[in-house]
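> In the order they appear, the protein sequences are chains A and B. Okay, so the first sequence: first residue is 1 according to the working numbering, each after it adds one. Okay, so the second sequence: first residue is 445 according to the working numbering, each after it adds one.
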Amino acid sequence: MTRNHIRTMAAVIVSVGALVVSACSSSTGASSANTSGGATGSQQSQASSTDTPVTLTVWGWLPDQASAFNGLFAKFTATHPNIKVQYQGYPVQNYQTQLNAGLSGSNGPDIATLQAYGGLQPNIDSGSLVAITDKTVPGISAFPTPILDAARSTKSGGIYGVPYAVQDLGVFYNEDIFAKYNLKAPTTWDEFIQACETLKKAGVIPMSWESKDANAQPRKHETMGAAVYGGPSFTSDFLAGKTKMTDKPFVDSFQVMKDIMPYLPPDFAALDDPGEQTLFTSGKAAMVTGGVWQIDTWRQAGVKNLGFFPMPPGPGAASDHPLVTFYVDGSFGINSKSPHQSAALELLNWMTTKDFGNAIATDVSMIPVVPGTKPTDPLVQEINAIQQKESNTFLCYAYLNGGSPTCSDLVSHAVQDVMTGGMSPADAAASVQKGLDQWFAPKK
Amino acid sequence: MLQSTATMHGVTTRWSRHAWAAIFILPAALIYGAFIFYPLVATVVWGFLEWNGTSAVSFAGFGNFRTLFTLYPFNTQLFSAVLHNIVFFLLSIIVQLLFGLILAVLLRARAKSRVFLQAIYTLPFMMSPIIVGYLWNLILNPIFGPVYEALHATGLGNLYAPWLGQSSTALVTLSLISSWQSIGLPMLLFYAALSTIPSEIYEAAKMDGCTGLQTFRWIILPLVAPTAAVLTLLTFVASFNLFDLPYAVGGVNGAPNGALDVAGLLFYRLAFTGTGNGLGVGSAMATMIGLILLAFTTALLWYRRLAERWV
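As structure tokens, this is what we get:
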């Protein structure tokens, strides 16, 4: 080997070694900085007082409603003149990745919309969020426990965000099309089939559907199958270890999705989410499954008269009445690296007031969770009223997404396999149970 | 031996030449280091750590790799995903080599419209794969799509099938869409290769009485073989890095029914939609994909060296 070769080799080895060391240290260095920041975040006294003008950035996953949110937060600025709030929305598919990067780096938001339940645990565990207590945010003690659970750490039980809205799922229909064929919102399974048959004969696709959006599949499963698997009673039995998904009720919840296939668009396996929405808003399909957050979009796209009904349970269903599945949409939490801790806390405190709750209802058409507030849109009020009586928490999302593979991922694949792959409902349910058995332990 | 007996003067000039070379290379080296080398090394390192969100918790050894092969459903999805990548590659390479060469030969015959044709054929290559995916999803849509409308309007309705909605046809259709998008590159590369063949060789072949087909087999093919090898390599790498197109067409699960599930989509699900140790398992998966690419590249280059001896 010539001297030059040796020199070159040495240089390469040194630089690779330096990179390896920096790769290791940056990953562990970041964690130590985060945990120390997070633990003392709530006790830190920040230099920023509310006397100096401050702009708080709030990140969220609703870019289409960014201006609505900014209008909502303008109400806060009206009573807190020195604190402006800027909402930035990112597409929901990439939001968590974006947020993780922002929270671990230095360009993160002051306040972030946090996923509910299992989704926010990694952010809590890496110390990116500030714990809130009823000393720092007194208003949270008035929130019902199931709502607060959505912002709770599964390890410590501490609360890390202020929940802001719940979402309800169900079947929405075009009232004009129904009126044209003298149909009413079905309250029983037979009425539902009857309506579908009438629509199909008239050349209207009874229910719009798609199978490509992975996130939507578990929601569709809940909408069609919650009453079939029995909703809350199944959930509590499952969490206690008394029943499994391979038992009849849950298997049947996949069967019902096969049962409605004659009434879905032909070749629905080739449709994606925009296709499903277009079929419904263009009037080619009379019904669609979805959630309250889509109401504004459908109305703007041309569905003037929108109706709602919870899916009636079929014969042999575990529940004898329809159920409306709901879940907490998310909460707002404070970035432990934010330089505006006290201003952010003021905003969070405002989020426990009725002003905020009412603004959530009027400005972004969501169902607020602040006690004493109600949605203002008549349709949303109607849905909320049904949900209060016949309620079901979104099983996967609320309780079974805390490990890997997540229940949502498993159900998403199971629904696609049953509806587009010819898998039997029993095998589909078994695949979900098999995946969960690897990490989920019931609390007996 | 020469170096140790070099004069002081000789060593100084050699040193200053190297110093100048290093200075000029430095900016490119820094960029390469920061954007290619560092992420590469970091990914491999991260695959050996256990993560909770964005902070590394402990050293995991081969634990993440073991998870890839043992955690259901990812272990079964892993094999089907890699299989889909391989099938996609085989389909792509056949179509692109064949049609790339044909188009290049046709292009050589045209003098007037050559530049214009080159531009059109390369245009889809400029489009983002996401746009191409959504576009073709719309074109082949079974309810509003123009293909459906056109076939039914001309009475050929029974030729139509929801190709992107059936497990049996989705992957083939996707590879055709991808070939449509990237046909410009093989065409240009083959055109350049064909242009380097001196016309004397063609004349000599004609004088020796070669038919068109013989000319093709014995003159054109061997001389474009290196280009074909380069294209094979590039296509293999692109096929294994595939993400945007199947994501746009089939969503993150590679619908319908996982027919479009590829290594890139599985990596995305592991890294970003799971909880906790996503970065660890995802990095392990990325490292594995990298190793597959490295193995194939090495094998191909080794084969080329062998082949050059007796082609």
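Backbone N, C-alpha and C fix where the C-beta goes; we use that ideal spot for every residue, glycine too.
1. When you compare the region 478-496 of chain B with the region 380-392 of chain A, are there three or more beta-carbon pairs, one atom per stretch, that lie closer than 8 Å?
2. Between B/N585, B/T520, B/L738, which lies nearest to B/V706 when the distance is taken from Cα to Cα?
3. Along chain B, in chain order, which residues have C-beta atoms closer than 8 Å to that of A/Q438?
4. Taking the alpha helix (DSSP H) that A/F280 belongs to, which residues open and close that run?
5. Is the shortest distance between the beta-carbon of A/Q416 and the beta-carbons of chain B less than 7 Å?
6. Using 7 Å as the limit for Cβ to Cβ distance, is A/G435 near chain B?
7. Taking A/L114 as the reference, give the member of A/T133, A/R152, A/L271 with the closest Cα.
8. So what's A/S27 in DSSP terms, helix, strand or just coil?
9. Please return the same chain residues whose Cβ sits closer than 6 Å to the Cβ of A/S32, not counting the five positions on each side in sequence.
10. So A/D273 and A/A214 are in contact, right, with Cβ under 8 Å, and what is the actual spacing, rounded?
11. Quick one: measure Cβ to Cβ for A/W189 and A/P310, integer angstroms, because I've assumed they're closer than 8 Å.
12. Which stretch, first to last residue, makes up the alpha helix (DSSP H) that contains B/P568?
13. Quick one: complete alpha helix (DSSP H) runs, 4+ long, within the region 150-191 of chain A?
14. Tell me the DSSP secondary structure of A/S368 in three-state form.
15. Residues in the region 85-104 of chain A with C-beta within 9 Å of chain B's C-beta atoms, listed in sequence order?
16. The alpha helix (DSSP H) that contains A/K258, what's its start and end?
17. Can you find the residues in the same chain that come closer than 6 Å, C-beta to C-beta, to B/N508, ignoring five residues on each side of it along the sequence?
18. Specify, as a first and last residue, the run of the beta strand (DSSP E) that B/S502 falls within.
19. Quick one: measure Cβ to Cβ for B/L608 and B/V693, integer angstroms, because I've assumed they're closer than 8 Å.
20. Could you check which residue in B/A465, B/Y691, B/L522 has the C-alpha nearest to that of B/G577?
21. How far does the alpha helix (DSSP H) with B/M631 in it extend, from its first residue to its last?
22. Residues in its own chain within less than 8 Å of A/E382 by CB, not counting five upstream and five downstream?
23. With DSSP run on the structure shown, which of helix, strand or coil describes B/L603?
24. Is the CB of B/S622 under 7 Å away from at least one CB in chain A?
25. Using 7 Å as the limit for Cβ to Cβ distance, is B/P606 near chain A?
26. Jot down the residue ranges of each uninterrupted alpha helix (DSSP H) in the region 292-344 of chain A, minimum 4 residues, whole runs only, in chain order.
27. Quick check for students: name the residue ranges of the beta strand (DSSP E) that lie wholly in the region 661-730 of chain B, counting only runs of 3 or more.
28. Give the interface partners of A/D267 over in chain B, defined as CB-CB distance under 7 Å, in chain order.
29. Applying the criterion that 16 or more other CB atoms from any shown protein chain within 10 Å of the CB defines a buried residue, is A/W59 buried or exposed?
30. Use the C-beta contact count for B/R713: other C-beta atoms within 10 angstroms, 16 or more gives buried, fewer gives exposed.
31. What first and last residue would you give for the beta strand (DSSP E) that runs through B/P494?
32. Kindly indicate which residue of B/I641, B/F680, B/K650 has the alpha-carbon position closest to the one of B/I664.
33. With a Cβ-Cβ cutoff of 7 Å, do A/P425 and A/V228 count as a contact?
34. Find the nearest neighbour of A/D355 within the set A/G372, A/L345, A/G161, judged by alpha-carbon distance.
35. Tell me whether A/H340 is buried or exposed, calling it buried when 16 or more other Cβ atoms sit within 10 Å of its Cβ.
36. Starting from A/S412, follow the beta strand (DSSP E) in both directions and report where the run begins and ends.
Result, derived from the coordinates:
1. no
2. Along the second sequence, one-based indexing puts residue 706 of chain B at 262. Minimum Cα distance to B/V706 is reached at B/T520.
3. Taking the first residue of the first sequence as position 1, residue 438 of chain A is located at position 438. In chain order: L515, Y516.
4. The residue given as residue 280 of chain A occupies position 280 in the first sequence. Element bounds for A/F280: 273-281.
5. Taking the first residue of the first sequence as 1, we reach residue 416 of chain A at position 416. Closer than 7 Å: yes.
6. Indexing the first sequence from 1 puts residue 435 of chain A at position 435. At least one chain B Cβ lies under 7 Å of A/G435.
7. For this step, residue 114 of chain A is matched to residue 114 along the first sequence. That would be A/R152, whose Cα lies nearest to the Cα of A/L114.
8. Working through the first sequence from its first residue, we reach residue 27 of chain A at position 27. Low local confidence applies: a pLDDT of 45 at A/S27 is under 50, so the model's placement there is unreliable, and no value is given.
9. For the purposes of this step, residue 32 of chain A is taken as the residue at position 32 of the first sequence. Any reading at A/S32 is ruled out, since the residue's pLDDT is 39, under 50, leaving its predicted position unreliable.
10. Counted from its first residue, the first sequence places residue 273 of chain A at position 273. Counted from its first residue, the first sequence places residue 214 of chain A at position 214. The pair is not a contact, with the Cβ atoms about 10 Å apart (cut-off 8 Å).
11. On the first sequence, position 189 is the one that residue 189 of chain A refers to. On the first sequence, position 310 is the one that residue 310 of chain A refers to. Not quite, the Cβ-Cβ distance comes to about 12 Å (not below 8 Å), so this is no contact.
12. Taking the second sequence and counting its residues from 1, the one referred to as residue 568 of chain B is at position 124. Run containing B/P568: 558-570, per the alpha helix (DSSP H) assignment.
13. 175-180
14. On the first sequence, position 368 is the one that residue 368 of chain A refers to. The question names Ser, but residue 368 of chain A is Pro in the sequence shown. A/P368: strand per DSSP, three-state reduction.
15. Q93, N94, Q96, T97, N100, A101, L103, S104
16. What you label residue 258 of chain A is simply residue 258 of the first sequence in a count that begins at 1. A/K258 -> alpha helix (DSSP H) spans 248-259.
17. As a working note, residue 508 of chain B is residue 64 in the second sequence. Cβ within range, chain order: G491, G724, V725, A728.
18. Residue 502 of chain B sits at position 58 when you count from the first residue of the second sequence. From DSSP, the beta strand (DSSP E) with B/S502 extends over 499-503.
19. The sequence position of residue 608 of chain B within the second sequence is 164, counting from 1. The sequence position of residue 693 of chain B within the second sequence is 249, counting from 1. Between B/V693 and B/L608 the Cβ distance is about 6 Å, and since that is below 8 Å, they are a contact.
20. The residue you call residue 577 of chain B lines up with position 133 of the second sequence. Ranking B/A465, B/Y691, B/L522 by Cα distance to B/G577 puts B/Y691 first.
21. In the second sequence, counting from the first residue as 1, residue 631 of chain B sits at position 187. B/M631 -> alpha helix (DSSP H) spans 628-639.
22. By one-based count along the first sequence, residue 382 of chain A stands at place 382. The residues are F308.
23. For the purposes of this step, residue 603 of chain B is taken as residue 159 along the second sequence, with counting starting at 1. DSSP, read as helix, strand or coil, puts B/L603 in helix.
24. In the second sequence, the residue the question calls residue 622 of chain B occupies position 178. No, B/S622 does not count as interfacial toward chain A.
25. Walking along the second sequence from the start, residue 606 of chain B turns up at place 162. Taking 7 Å as the CB threshold, B/P606 lines the interface with chain A.
26. 295-300
27. none
28. Along the first sequence, read from residue 1 onward, the residue named residue 267 of chain A stands at position 267. Result: P586, P606, G609.
29. In the first sequence, the residue the question calls residue 59 of chain A occupies position 59. When all chains shown are included, A/W59 counts as buried.
30. Position 269 of the second sequence, counting from 1, holds the residue named residue 713 of chain B. The residue in question, B/R713, is buried, as its Cβ has 16 or more Cβ neighbours within 10 Å.
31. Along the second sequence, read from residue 1 onward, the residue named residue 494 of chain B stands at position 50. Residue identity check: residue 494 of chain B is Glu in the sequence provided, not Pro. That run of the beta strand (DSSP E) goes 493-496.
32. Position 220 of the second sequence, counted from the first residue, corresponds to residue 664 of chain B. Out of B/I641, B/F680, B/K650, B/I641 has the C-alpha closest to the C-alpha of B/I664.
33. Locating residue 425 of chain A in the first sequence gives position 425, counting from the first residue. Locating residue 228 of chain A in the first sequence gives position 228, counting from the first residue. No.
34. Taking the first sequence and counting its residues from 1, the one referred to as residue 355 of chain A is at position 355. Of A/G372, A/L345, A/G161, the residue nearest in Cα terms is A/G372.
35. The residue labelled residue 340 of chain A in the question sits at position 340 within the first sequence. With 16 or more other Cβ atoms within 10 Å, it is buried.
36. Position 412 of the first sequence holds residue 412 of chain A. Counting along the chain, A/S412 falls outside any beta strand (DSSP E), though it belongs to the alpha helix (DSSP H) covering 407-421.
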